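Please read the structure below before turning to the comments.
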Amino acid sequence: MIACSDDSSSIASSPEDSPVETKPDRTYADFVSVKSKGKEVNLGTNDSKARASERPLMTVKFDYDFSIASHETTCGEFRSLMGDRVKDLPCDEDSLPVANVTFFDAVLYANEMSKTYELDTAYTYRSLVLDEDGHCVSMEGFRLNPAINSFRLPTEAEWVLTAGLDWNPKDAWNKNNAKMTAHRICSTPKASAVCDMAGNVMEWVNDWMGPFKDTTISNFGGAPDGGSLGERILKGGSFRISPESMKLYSRGDVYTVTSSTRANYVGFRLALGSIPDMSLIGRDGGIIEGRVSLLANGSAIQTMIGKSKMKLAFRNDVSGNLVFVRYFAGDVVMTEIRDTLDVYHPEISPDGGRVAFSSKYEGVGGTSQLYVRNLDKNGSGLVKLDVESAAIPRWRVTANGDTVIVYVDDSGNNKNDGDFLDKHTWQVKFSGGKFGKPEKLFAGNYHGGVNSDGSLAVTGARLLRARVSGKEKLWYDGEQACNVSLSNDGHSRTLFLDFGGKKGHDFVGEDYKTHGRLLLADSVGKLIGSVASPEGYTFDHSEWALGNVQKKDAEERFAVTSLTNVNGAHEKIALIDVESGDVLELVEGDELWHPSFWKSYDFQQDGDVNLDSAGVYYSPLKPSAFESSSIELGIKMSRFWTSYENLEYVAFGSSMTLNSIDEKNIKTYKALNMAFTLGDIHCFAYLLKHYVYPYAKKLKVVSLELTPGFMYRERDDFWKELYEKSPGFVYDEIHPEQFKTVSSLAQDAIYPEDGFVSEYIDDNFLLPSRSWLNYDVLVDTTSMSMDNENVQANLSILQDLKNIADSLGVKLFMNVTPRNPKYAKTGSFGIYGPSRTVTATMMDTIRGMDISIFDENKDGLHDYTDEMAYNAVHLSYLGAKQYTERLDKFLKDLDEK
């Protein structure tokens with residue numbers, strides 16, 4: 001059975017005309033074998049009204065077969081393998097689909113299934129983080145091994161191929177028939193051999209969220225990482241969703257989905273089998289050539305080195321491209337810059353903003369070119385040094401403070417004195433994105449580094465040579481050495497690798513393989529330390545970590561290196577503590593060369609100011625189920641501290657207000673839109689009492705969004721987690737006297753570039769034009785009454801905020817944004833309820849508090865057209881223009897009263 005509509009079609013025109021075959025898997029009970037080899041499936045859509053993450057249509061070809069579970073994993077199955085470790089499961093009976101589980105809970109279950117059948121596990125990790133209910137919310141060093149034949153979550157392509165064989169949302173458990181609850185697996189009247197793929201509960205798939213590409217790709221496995229948010233994909237509908245809203249191409253929920261997301265309508269089913277040569281698409285839309293996977297997040301590195309801001313750059317030797325990874329506390333984003341330039345020996349600049357690299361590498365002579373470019377997703381600002389030949393660049397800050405690049409005119413080996421001294425070492429100033437005039441330093445290709453005052457220079461391949469106070473020296477008794485790196489910490493220590501000869505053996509006291517030890521020499525060439533390579537690996541391309549230490553007596557203790565496996569492949573990049581010998585694996589791939597690791601000195605203790613907390617209102621170190629909200633709130637706090645002294649009007653709200661008020665076009669007052677996704681009365685009250693009321697001394701007006709369904713919330717439903725995950729709020733409460741310092745630090749805070757789930761088209765959080773689309777109701781409105789204790793408590797909070805505003809001479813009103821006008825045909829005010837009757841009573845109660853309401857919804861009888869909408873509850877930038885203009889007039893009238 002193959003669906004044919006544009007909304008639900010999954011089977012692409014295939015090289016073979018026969019349909020995809022499925023049959024029971026005889027080896028594994030409750031699994032169905034899918035004969036997918038040679039078949040194709042369409043992911044995504046070309047519908048312009050779909051989300052950006054769901055466009056364009058992309059074709060995936062399968063070079064393999066797989067098996068998939070005939071039903072969603074049940075409560076009974078989950079508990080039989082996981083025991084009682086995981087609590088808080090909505091499991092009234094064993095035959096219900098297990099739900100309220102994180103992505104990592106599903107991963108752990110898959111591994112347990114593999115062990116049960118004596119298979120190797122598909123997922124590996126170093127450590128787990130469990131919450132108080134036993135749910136796994138983080139895995140350090142997490143990775144999938146796609147080539148292993150074992151149980152795992154299905155890829156999005158596998159899931160869509162299978163679901164598309166019988167995609168009938170109207171016959172599934174959906175909002176129209178499920179009574180807002182999950183049902184026994186395969187219990188619909190028309191359940192198929194692979195049941196409940198539409199409806200019942202949404203399902204985790206294996207892939208990280210990433211872009212589609214208008215092309216055909218084989219064995220697609222998603223993105224190499226989840227970006228700043230660690231965003232994951234959910235497929236299928238649920239008992240909360242109308243059948244019209246269930247699209248085969250849909251990839252998520254109403255809000256951001258991360259690996260730690262939990263909901264009573266989210267479960268999973270397993271797949272089985274290996275994926276040969278799995279293909280990935282990077283966040284820049286490029287197809288990944290050569291496997292590159294992250295093994296450590298920012299928090300693991302921060303724990304090791306005590307820094308919060310870091311970058312790693314290296315060569316993907318399969319593609320020849322530059323790859324860089326940005327770490328900010330727990331946030332990790334990997335980018336591959338794709339162009340025609342061959343990248344060798346990349347080195348990150350002292351400020352972390354640029355990278356220099358050459359077209360030839362150590363030990364290979366001949367003409368080479370030297371480039372510098374920005375470390376951004378496009379590799380912008382590319383400049384080339386206009387000389388005949390330049391290789392192996394090293395950034396250096398001279399004694400007089402100039403930033404220069406040291407390079408050699410030939411990177412060939414230095415074994416013969418004559419050939420070596422015929423080559424030269426140069427330096428060139430680099431400022432404002434431009435090279436200065438090259439200056440010859442001295443004879444010899446000293447590409448291992450030159451210290452700040454020029455008194456020491458070193459080089460390797462094949463010999464360890466040094467230039468000490470103008471004199472040529474041969475170190476290490478003339479034995480072979482390579483990968484020489486001079487520290488930039490003022491202590492002039494040399495890091496290098498050797499070939500397991502006599503000198504190294506005598507120092508270490510035992511035999512070791514070529515490159516089996518990382519060796520350390522002092523400023524006169526005397527060996528002072530060594531680190532053994534991890535079992536099964538040797539070192540290559542070793543370099544000191546970069547970053548000028550703050551204290552003159554502090555010594556750099558970290559190095560970065562490639563790890564080469566027994567077959568000679570540069571399989572991993574690792575960070576090495578040269579004092580303790582600890583090794584932290586950072587990245588894994590097919591061939592990863594020439595790493596450069598940079599760390600800043602932001603967020604360190606500085607007297608009485610804790611820079612890890614002061615002004616830090618978003619911390620990736622503390623991942624949240626509401627990560628996008630956290631990032632938006634952090635940005636809004638930065639903007640508050642930038643403008644608080646002149647603010648006259650502050651608007652609070654959820655994403656509905658966030659996307660509706662363009663603060664730049666408020667003319668009546670100096671305005672700030674402080675709204676953020678999911679914001680409610682508990683958030684508004686905290687921010688008003690702790691920030692806006694105390695510090696915005698020119699404040700005249702405050703508006704609070706009225707979303708009636710949010711008035712049924714408790715503090716713990718949303719605000720508690722946002723508050724606890726933000727170190728800045730607690731810090732400010734303890735140190736109110738430091739608000740000037742906090743203000744300065746908050747303005748300099750860094751936020752993930754791709755940290756938003758919505759398609760914001762500018763820095764004012766406006767959305768593109770789509771349409772009102774569908775109008776779902778996600779709650780049972782019959783249980784939502786005015787006498788609800790949460791409603792009454794929240795009305796009391798509102799009254800308190802009004803009283804404070806009155807005492808300060810500040811006017812407070814509430815705003816209502818437009819919803820899909822078709823909600824007027826339902827019994828509900830909107831997606832979150834309550835009934836329209838209860839909403840009218842609530843609004844009358846609020847007006848009775850002498851609080852005006854700026855209501856642009858007008859019970860659905862508004863004039864906001866389809867082009868003014870982004871979806872059923874959010875305006876597009878065109879709607880925001882009209883909303884803002886009318887709000888500004890309302891403010892002007894309010895000012896005149």
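Just so you know, we're using the numbering used here here: the sequence shown kicks off at 1 and counts up by one.
All C-beta atoms, glycine included, are put in the ideal place defined by N, C-alpha and C.
Remember, it's a predicted structure, so these values are computed and weren't measured experimentally.
Start and end of the alpha helix (DSSP H) containing residue i?
{"i": "residue 393", "result": "First-last for residue 393: 391-397, but that is the beta strand (DSSP E), not the alpha helix (DSSP H)."}
{"i": "residue 507", "result": "502-508"}
{"i": "residue 719", "result": "719-724"}
{"i": "residue 565", "result": "Premise fails: residue 565 is in no alpha helix (DSSP H) and is neither H nor E."}
{"i": "residue 640", "result": "627-643"}
Flag this pair as yes or no: are the beta carbons of residue i and residue j separated by less than 9 Å?
{"i": "residue 147", "j": "residue 67", "result": "no"}
{"i": "residue 643", "j": "residue 670", "result": "yes"}
{"i": "residue 651", "j": "residue 665", "result": "no"}
{"i": "residue 814", "j": "residue 712", "result": "no"}
{"i": "residue 317", "j": "residue 590", "result": "yes"}
{"i": "residue 859", "j": "residue 886", "result": "no"}
{"i": "residue 226", "j": "residue 155", "result": "no"}
{"i": "residue 497", "j": "residue 507", "result": "no"}
Taking buried to mean at least 16 other C-beta atoms within 10 Å of its own C-beta, is residue i buried or exposed?
{"i": "residue 235", "result": "buried"}
{"i": "residue 888", "result": "buried"}
{"i": "residue 474", "result": "exposed"}
{"i": "residue 706", "result": "buried"}
{"i": "residue 849", "result": "exposed"}
{"i": "residue 917", "result": "The shown model of the chain, from 1 to 897, leaves out residue 917, and the question about it has no answer."}
{"i": "residue 471", "result": "exposed"}
Please work out which residues of its chain come closer than 7 Å, Cβ to Cβ, to residue i, disregarding the five sequence neighbours upstream and downstream, and give them in chain order.
{"i": "residue 369", "result": "358, 359, 384 and 390"}
{"i": "residue 638", "result": "746, 747 and 749"}
{"i": "residue 271", "result": "66, 67, 68, 152, 153, 154 and 158"}
{"i": "residue 56", "result": "44, 46, 212 and 214"}
{"i": "residue 549", "result": "Low local confidence applies: a pLDDT of 43 at residue 549 is under 50, so the model's placement there is unreliable, and no value is given."}
{"i": "residue 503", "result": "476, 477 and 479"}
Excluding sequence positions up to five away, which residues of its chain have a Cβ less than 6 Å from the Cβ of residue i?
{"i": "residue 402", "result": "429"}
{"i": "residue 380", "result": "374"}
{"i": "residue 890", "result": "854"}
{"i": "residue 819", "result": "830, 857 and 873"}
{"i": "residue 326", "result": "311 and 333"}
{"i": "residue 521", "result": "494 and 527"}
{"i": "residue 794", "result": "681 and 711"}
{"i": "residue 307", "result": "599"}
{"i": "residue 365", "result": "410 and 412"}
Quick one: Cα of residue i to Cα of residue j, how far?
{"i": "residue 259", "j": "residue 137", "result": "7 Å"}
{"i": "residue 862", "j": "residue 200", "result": "35 Å"}
{"i": "residue 351", "j": "residue 596", "result": "13 Å"}
{"i": "residue 695", "j": "residue 812", "result": "17 Å"}
{"i": "residue 883", "j": "residue 278", "result": "47 Å"}
{"i": "residue 701", "j": "residue 648", "result": "6 Å"}
{"i": "residue 492", "j": "residue 517", "result": "20 Å"}
{"i": "residue 263", "j": "residue 238", "result": "11 Å"}
{"i": "residue 592", "j": "residue 292", "result": "8 Å"}
{"i": "residue 378", "j": "residue 324", "result": "11 Å"}
{"i": "residue 689", "j": "residue 827", "result": "36 Å"}
{"i": "residue 126", "j": "residue 142", "result": "7 Å"}
{"i": "residue 718", "j": "residue 254", "result": "15 Å"}
{"i": "residue 851", "j": "residue 668", "result": "20 Å"}
{"i": "residue 540", "j": "residue 382", "result": "28 Å"}
{"i": "residue 422", "j": "residue 465", "result": "15 Å"}
Can you tell me where the beta strand (DSSP E) holding residue i begins and where it ends?
{"i": "residue 217", "result": "216-218"}
{"i": "residue 427", "result": "424-431"}
{"i": "residue 687", "result": "First-last for residue 687: 681-687, but that is the alpha helix (DSSP H), not the beta strand (DSSP E)."}
{"i": "residue 791", "result": "From DSSP, residue 791 is part of no beta strand (DSSP E) but of the alpha helix (DSSP H) over 789-808."}
{"i": "residue 815", "result": "811-816"}
By Cβ distance, which residues of its chain are closer than 8 Å to residue i, with the 5 residues on each side in sequence left out?
{"i": "residue 893", "result": "none"}
{"i": "residue 613", "result": "727, 728, 730 and 731"}
{"i": "residue 551", "result": "Summary for residue 551: the model assigns pLDDT 43, below 50, so the residue's position carries little reliability; its value from the coordinates is reported in the next sentence. Excluding residues within five positions, none has a Cβ falling inside 8 Å."}
{"i": "residue 766", "result": "659, 662, 760, 876, 877 and 880"}
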